[in-house]
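Number of protein chains: 2
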Amino acid sequence: MITVLRLGHRPERDKRITTHVCLTARALNADKVIVSERDDRVVAGVRGVVDRFGGPFEVESGVPHRRVLRDFPGEKVHLTMYGLPLEEVVPRLRWPEKDLLVVVGAEKVPREVYEMVDHNVAVGNQPHSEVAALALFLYAVQGPAAMRKRFVGGQVEVVPSARGKDVRGGAPDDAAETGEGDGSFDGE
Amino acid sequence: MITVLRLGHRPERDKRITTHVCLTARALNADKVIVSERDDRVVAGVRGVVDRFGGPFEVESGVPHRRVLRDFPGEKVHLTMYGLPLEEVVPRLRWPEKDLLVVVGAEKVPREVYEMVDHNVAVGNQPHSEVAALALFLYAVQGPAAMRKRFVGGQVEVVPSARGKDVRGGAPDDAAETGEGDGSFDGE
Numbered sequence: 035m036i037t038v039l040r041l042g043h044r045p046e047r048d049k050r051i052t053t054h055v056c057l058t059a060r061a062l063n064a065d066k067v068i069v070s071e072r073d074d075r076v077v078a079g080v081r082g083v084v085d086r087f088g089g090p091f092e093v094e095s096g097v098p099h100r101r102v103l104r105d106f107p108g109e110k111v112h113l114t115m116y117g118l119p120l121e122e123v124v125p126r127l128r129w130p131e132k133d134l135l136v137v138v139g140a141e142k143v144p145r146e147v148y149e150m151v152d153h154n155v156a157v158g159n160q161p162h163s164e165v166a167a168l169a170l171f172l173y174a175v176q177g178p179a180a181m182r183k184r185f186v187g188g189q190v191e192v193v194p195s196a197r198g199k200d201v202r203g204g205a206p207d208d209a210a211e212t213g214e215g216d217g218s219f220d221g222e
Numbered sequence: 035m036i037t038v039l040r041l042g043h044r045p046e047r048d049k050r051i052t053t054h055v056c057l058t059a060r061a062l063n064a065d066k067v068i069v070s071e072r073d074d075r076v077v078a079g080v081r082g083v084v085d086r087f088g089g090p091f092e093v094e095s096g097v098p099h100r101r102v103l104r105d106f107p108g109e110k111v112h113l114t115m116y117g118l119p120l121e122e123v124v125p126r127l128r129w130p131e132k133d134l135l136v137v138v139g140a141e142k143v144p145r146e147v148y149e150m151v152d153h154n155v156a157v158g159n160q161p162h163s164e165v166a167a168l169a170l171f172l173y174a175v176q177g178p179a180a181m182r183k184r185f186v187g188g189q190v191e192v193v194p195s196a197r198g199k200d201v202r203g204g205a206p207d208d209a210a211e212t213g214e215g216d217g218s219f220d221g222e
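For the protein sequence lines, the chains are V and X, in the order given.
Residue 138 in the numbering used here sits at position 104 of the first sequence, with consecutive numbering throughout.
Residue 199 in the numbering used here sits at position 165 of the second sequence, with consecutive numbering throughout.
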């Protein structure tokens, strides 16, 4: 099982980026996201995507990061541009034998986080995006299986298409709404 | 050469996501980003990162997407959850023999875009994030070289570290500022 912990979320400022973090976690075969700061709108938006496109996928908010980090029984990784290279750390991870917690911050990650995890991992030592870092990390850990999750229980399913929008179970423009009208990948 | 075209940017709403798109393109070894709608703040923020962390990397905004798509001499790919699977399309791309244009939309990508590109590519047929899709696509096309660009001419350099922040040429907290104070990956 893979859980993503999103830290430092500021509801006004980070709503869309945090939603992208959550949807990326879901699409790349993580099982759950915990947002440390409470934000009911983000949670509702992500649950809306799970209702329409399927699960299983869990999301909750308002769980202090210190508690999550302290209580998590598996291996804990923090994605940071200051960390050790991805390709060096990933082969040492014990997933899937042990559960994996992947921590992604917004601004100003508290110093203690660097100490409370097993690995600080850099997806490149350049500043970019926690969304990109999470996607590349989840792919590096799982390989192509990251994109092959079978989602069940949704209302709609996208059928791959060379030129158009082919959706089973709903109109394309309904299908791709993320429940927030935000700019998520094809949330159009 | 790899160019990223960002479509449908709305300055107030998309400033941070578009900045993440630009920084992800830079970190994953693309050469240039064109934002179709003009936004001087986003351009200045990205150029600030190039000044501090190095280049070469170009960014411009305010170039209508139709013109970019019409005039681009190489192969054109649009990332969309409705497209054909990544693993099916990437082996057919002619990069690096031909230049590559990677189109990423925000909401409501105009229908014509689907027709003006050579390939509509899905990085998973699930709604997630154009930032994640771009990162995974650039990695799929280039392999590990995507994360091995040698940046030159910057003021600072991050040294990989197991626990802390080790930066050559500046204080860590200066180093990681993205010029926008936004929540980019470790923009803390």
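Glycine included, each C-beta is placed from N, C-alpha and C at the ideal position.
Item: Whole angstroms are fine: how far does the CA of V165(X) sit from the CA of R44(X)?; Value: 16 Å
Item: Which residue marks the beginning of the beta strand (DSSP E) containing K49(V), and which one marks its end?; Value: Careful: K49(V) lies outside any beta strand (DSSP E), inside the alpha helix (DSSP H) at 45 to 61.
Item: Does the count of Cβ pairs from the region 37 to 51 of chain V and the region 89 to 106 of chain V closer than 8 Å reach three?; Value: yes
Item: Beta-carbon within less than 6 Å of G188(V)'s beta-carbon, same chain only, minus the 5 sequence neighbours each way: which residues are those?; Value: R86, F87, G88
Item: Buried or exposed for D73(V), going by 16 or more other Cβ atoms inside 10 Å?; Value: buried
Item: Who pairs with A156(V) in a beta bridge, going by DSSP?; Value: P119(V)
Item: Quick check on the DSSP output: what are the complete alpha helix (DSSP H) runs of length 4 or more inside the region 129 to 198 of chain X, in order along the chain?; Value: 145 to 150, 164 to 176
Item: Identify, in the order they occur along the chain, each residue of the same chain with its Cβ nearer than 6 Å to the Cβ of R145(V), setting aside the five sequence neighbours on each side.; Value: none
Item: Please tell me whether V190(X) and G203(X) are closer than 8 Å, where the distance is taken between their beta carbons.; Value: yes
Item: Between the region 114 to 125 of chain X and the region 141 to 158 of chain X, do at least 3 Cβ pairs fall closer than 8 Å?; Value: yes
Item: Roughly how many whole angstroms lie between the Cα atoms of P90(X) and V175(X)?; Value: 20 Å
Item: At the level of alpha carbons, what is the spacing between S195(V) and V137(X)?; Value: 17 Å
Item: Among the candidates P130(V), T52(V), K132(V), whose CA atom is the shortest distance from the CA of G139(V)?; Value: T52(V)
Item: Would the beta-carbon of L113(V) fall within 8 Å of that of A167(V)?; Value: yes
Item: Which residues of chain X have a Cβ atom closer than 9 Å to the Cβ of H54(V), listed in chain order?; Value: I51, H54, H162, S163, E164, V165, A166
Item: So, with DSSP's three-state summary, where would you put L82(X)?; Value: Going by the sequence as given, residue 82(X) is Gly instead of Leu. G82(X) falls in the helix class under three-state DSSP.
Item: With distances taken Cα to Cα, identify the nearest neighbour of E121(X) among A179(V), V147(V), M35(V).; Value: A179(V)
Item: Near V55(V), which residues of its chain fall below 8 Å by C-beta distance, leaving aside the five closest residues on each side in sequence?; Value: V38, R40, V67, V138, E164, V165, L168
Item: Can a CB atom of chain X be found closer than 8 Å to the CB of D118(V)?; Value: The question names Asp, yet the displayed sequence has Leu at residue 118(V). For L118(V), the answer is yes, since a Cβ of chain X falls inside 8 Å of its Cβ.
Item: In angstroms, rounded to a whole number, what distance separates the CA positions of N63(V) and V123(X)?; Value: 22 Å
Item: Who does D200(V) pair with in a DSSP beta bridge?; Value: V193(V)
Item: Identify which residue in K183(V), R184(V), H162(V) has its Cα closest to the Cα of R50(X).; Value: H162(V)
Item: In chain V, which residues lie with their C-beta within 8 Å of the C-beta of G203(X)?; Value: Chain V residues near G203(X): none, gap ~13 Å exceeds 8 Å.
Item: Can you look up L41(V) in the DSSP assignment and give me helix, strand or coil?; Value: coil
Item: Considering only residues of the same chain and omitting the five flanking positions on each side of S95(X), which have a CB-CB separation below 8 Å?; Value: H43, I68, V69, S70, E71, R72, D73, D74, V76, V77
Item: Under 6 Å Cβ to Cβ from R47(V), same chain only, skipping five residues before and after it: list those, please.; Value: none
Item: Less than 8 Å between C-beta atoms, sequence neighbours within five positions excluded: which residues of the same chain meet that for V186(V)?; Value: G88, G89, P90
Item: Within the 8 Å Cβ cut-off, does M181(V) reach chain X?; Value: yes
Item: If the cut-off is 8 Å on Cβ atoms, which residues from the region 59 to 92 of chain X count as contacting chain V, listed in chain order?; Value: R60, A61, L62, V83, F87
Item: For M13(V), does the count of other Cβ atoms within 10 angstroms reach 16, so buried, or fall short, so exposed?; Value: Absent from the model: residue 13(V). The displayed extent of chain V is 35 to 222, so no value can be given.
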